[in-house]
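Encoded as structure tokens, the structure appears first; notes follow it.
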Amino acid sequence: MNNIDLFKKALEKKDLNKEINAIIYWNEKIFDEIERYLKTDMMPFPVAIKDIIDVANMRITMGSRLFQDRIAEKDAEVVRRLKEWGGVVIGITNTHEFASGVTTTSSIYGPTRNPVDKRRIAGGSSGGSAAAVAADIVPVALGTDTAGSVRIPASLTGVYGFRPTHGVISLEGVFPLASSLDTVGVLAKDLYWLEYVFKIIVCEKDLHVMRRILRKKIRKEKLRFGVPRWFRAIDEVMNEFYNKISKLDYEEISMEDVDKKLLKYFPIIRLSEATNVHIKYRDKWSLYFPDVQRLLMKGLEIKAYEYVEASKIRDEMYMEMRRLMKRHKIDLWILPTTPVYAPLIEDVLGREDVIRDVLASPNVTYPSFLRLPAISTPSITVGNLPIGIEIFGDKYEDLFIIYVSKTLKEEKIF
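Quick note, the numbering used here runs 11 ahead of the 1-based positions in the sequence shown.
Structure, rendered in structure tokens:
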């Protein structure tokens with residue numbers, strides 16, 4: 012399928028989109044932008060953008076009543092880069108309000124439905140982007156990932172979702188959630204599009220570092236994976252996971268008190284930084300969805316010394332992870348992305364806090380907390396519902412992780 016056919020396919024999916032609520036605002040100037048690229052040697056391609064990343068002259072609301080009439084004045088840096096390389100924004104995708112949830116149900120546009128089973132959530136907070144890709148509306152979409160917001164919906168909808176090393180992709184023009192955790196991520200149906208878009212939006216200097224690491228890493232004859240003993244999964248997911256990795260060289264690795272440390276220190280960083288962003292809107296919090304309000308109220312209770320301590324623990328956990336990788340000769344870590352498959356929307360509404368605690372498990376918050384690159388690959392099915400397998404590694408191993416994901420796909424392990 013050539014790129015022009017991809018645009019036709021996207022527009023033919025408008026009726027399906029009404030059912031799943033993935034794209035909440037369509038670009039009315041698609042044909043003008045396609046024509047402009049066709050006058051050059053550049054082949055345009057369609058992309059969808061999460062409703063938290065600015066696209067000039069489009070309605071970007073963060074899924075919130077507070078910004079429901081906001082029109083972005085200019086493109087975010089990642090959007091500018093995409094447009095330089097032929098990216099045409101098909102539309103804006105639904106998000107959980109302020110990217111502050113994992114269900115994409117708390118949005119002024121209503122919940123996004125999972126294309127695999129429309130009774131179920133698509134995950135979040137980049138649920139609209141994941142659903143748009145899973146429904147074949149677009150081959151690739153941008154989301155954001157702070158605590159799993161790209162990887163969780165990728166897992167639940169059966170697509171690829173990549174969170175890069177923190178800091179390698181510009182956040183200019185992206186509404187912040189928690190600055191020391193925030194990343195712009197990529198969701199795609201296949202790894203060609205994921206890698207293509209990632210290389211466009213990543214900082215050139217960091218891309219050179221990643222390429223050097225990749226050249227060094229691929230010299231190894233056989234890769235060795237670490238399976239962290241602390242990962243969470245229901246029995247069906249765990250059984251399918253171990254079946255999938257049975258042909259890999261792996262070792263189960265214990266890490267001391269990871270569960271307890273993440274439970275205590277990750278929320279301190281995430282909530283205090285989020286509250287710092289929203290404190291200037293304090294008199295408007297009544298407009299926020301209740302689950303988002305509750306998180307911000309918790310952030311108000313966090314003390315400065317607790318934040319400093321959490322930052323110190325984060326550094327210690329990162330160094331411990333590196334020591335374990337060296338001691339056990341581990342190249343990458345592997346585990347289920349989510350402990351469970353997508354729950355029913357009717358079971359989520361009013362219970363967003365409970366579902367968040369299940370889906371935003373250590374499986375995804377550990378790489379987030381340590382600011383590591385991670386990918387969710389569509390690999391497992393339980394009762395015809397998809398669940399991803401996550402691969403993560405050390406900082407700047409982004410291209411290596413994508414390379415390994417492609418290799419596992421080619422060898423039909425995943």
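Ideal placement from N, C-alpha and C gives every residue a C-beta, glycine not left out. For clarity, every value in this text was computed on a predicted model and none was experimentally measured.
For residue i, does the three-state DSSP call read helix, strand or coil?
i: Lys129; result: strand
i: Pro384; result: coil
i: Arg76; result: helix
i: Ala59; result: strand
i: Trp296; result: helix
i: Arg124; result: strand
i: Val393; result: strand
i: Val151; result: strand
i: Glu401; result: strand
i: Arg426; result: There is no way to answer for residue 426, as the model of the chain reaches only from 12 to 425.
i: Arg70; result: strand
i: Gly98; result: strand
i: Ile64; result: strand
i: Thr104; result: strand
i: Ile412; result: helix
i: Ile245; result: coil
i: Ile256; result: coil
i: Ile15; result: helix
Please state whether the Cβ-Cβ distance between residue i and residue j is less than 8 Å.
i: Gly134; j: Val149; result: no
i: Ala145; j: Gly172; result: no
i: Val359; j: Leu234; result: no
i: Gly139; j: Thr116; result: no
i: Leu188; j: Ala285; result: yes
i: Ala199; j: Pro350; result: no
i: Phe242; j: Leu346; result: yes
i: Val393; j: Val238; result: no
i: Gly404; j: Ile412; result: yes
i: Ala385; j: Ile366; result: no
i: Met69; j: Ala83; result: yes
i: Ala300; j: Glu183; result: The amino acid occupying residue 300 in the given sequence is Phe; Ala does not appear at that position. No; because the gap between Cβ atoms is not below 8 Å, this pair is not in contact.
i: Ile41; j: Val195; result: no
i: Leu192; j: Thr155; result: no
i: Val269; j: Pro175; result: no
Could you tell me the alpha carbon to alpha carbon distance between residue i and residue j, rounded to whole angstroms?
i: Ser181; j: Asp86; result: 12 Å
i: Asp128; j: Ser118; result: 20 Å
i: Glu39; j: Pro164; result: 27 Å
i: Tyr276; j: Arg240; result: 19 Å
i: Ala33; j: Met73; result: 14 Å
i: Gly102; j: Lys258; result: 41 Å
i: Tyr318; j: His177; result: 19 Å
i: Ile341; j: Asp302; result: 39 Å
i: Ile132; j: Ile31; result: 10 Å
i: Ala110; j: Ser137; result: 7 Å
i: Tyr120; j: Lys24; result: 18 Å
i: Ser426; j: Ile280; result: Nothing can be reported for residue 426, as the shown portion of the chain is limited to 12 through 425.
i: Asn125; j: Ala143; result: 10 Å
i: Lys20; j: Thr51; result: 23 Å
i: Thr104; j: Ala315; result: 35 Å
i: Arg162; j: Ser387; result: 5 Å
Near residue i, what residues of its chain come up, given a Cβ to Cβ distance below 6 Å and the 5 sequence neighbours on each side ignored?
i: Met53; result: Gly97
i: Leu167; result: Gly134, Ala353
i: Val90; result: Val66
i: Glu44; result: Val99
i: Gly159; result: Ala371, Val375
i: Gly294; result: The question names Gly, but residue 294 in the sequence shown is Asp. Hits under 6 Å: none found.
i: Glu228; result: First, the amino acid is wrong: residue 228 is Lys here, not Glu. Within the same chain, Lys228 has close Cβ partners Phe411.
i: Ser265; result: Arg240
i: Lys255; result: Ser390
Within a Cβ cutoff of 7 Å, which residues of the same chain sit near residue i, ignoring the five residues on either side of it in sequence?
i: Arg305; result: Asp364
i: Val197; result: Val151, Leu153, Phe173, Leu205, Val208, Phe209
i: Arg130; result: Leu355, Ile356
i: Met332; result: Leu381
i: Phe252; result: Ala244, Pro347, Ile391, Ile400
Suppose the cutoff is 8 Å on Cβ atoms and the five residues either side in sequence are ignored; what does the same chain contact list for residue i look like?
i: Lys272; result: Ile324, Met328
i: Asp201; result: Pro150, Tyr171
i: Glu46; result: none
Fully enclosed by the segment 161 to 235, which beta strand (DSSP E) runs are 3 residues long or longer?
Within the segment 161 to 235, the beta strand (DSSP E) runs of at least 3 residues that lie entirely inside it are, in chain order, 171 to 174, 195 to 199.
Uninterrupted beta strand (DSSP E) stretches inside the segment 258 to 320 (no shorter than 3 residues)
Counting only runs of 3 or more, we get 260 to 264.
Minimum length 4: unbroken alpha helix (DSSP H) runs contained in the segment 21 to 54:
For the segment 21 to 54, whole alpha helix (DSSP H) runs of length 4 or above, ordered along the chain, are 25 to 31, 41 to 49.
Ranges of the alpha helix (DSSP H) found wholly within the segment 323 to 372, counting only runs of at least 4:
Counting only runs of at least 4 residues, the segment 323 to 372 fully encloses the following alpha helix (DSSP H) elements, listed from N- to C-terminal order: 356 to 359, 363 to 370.
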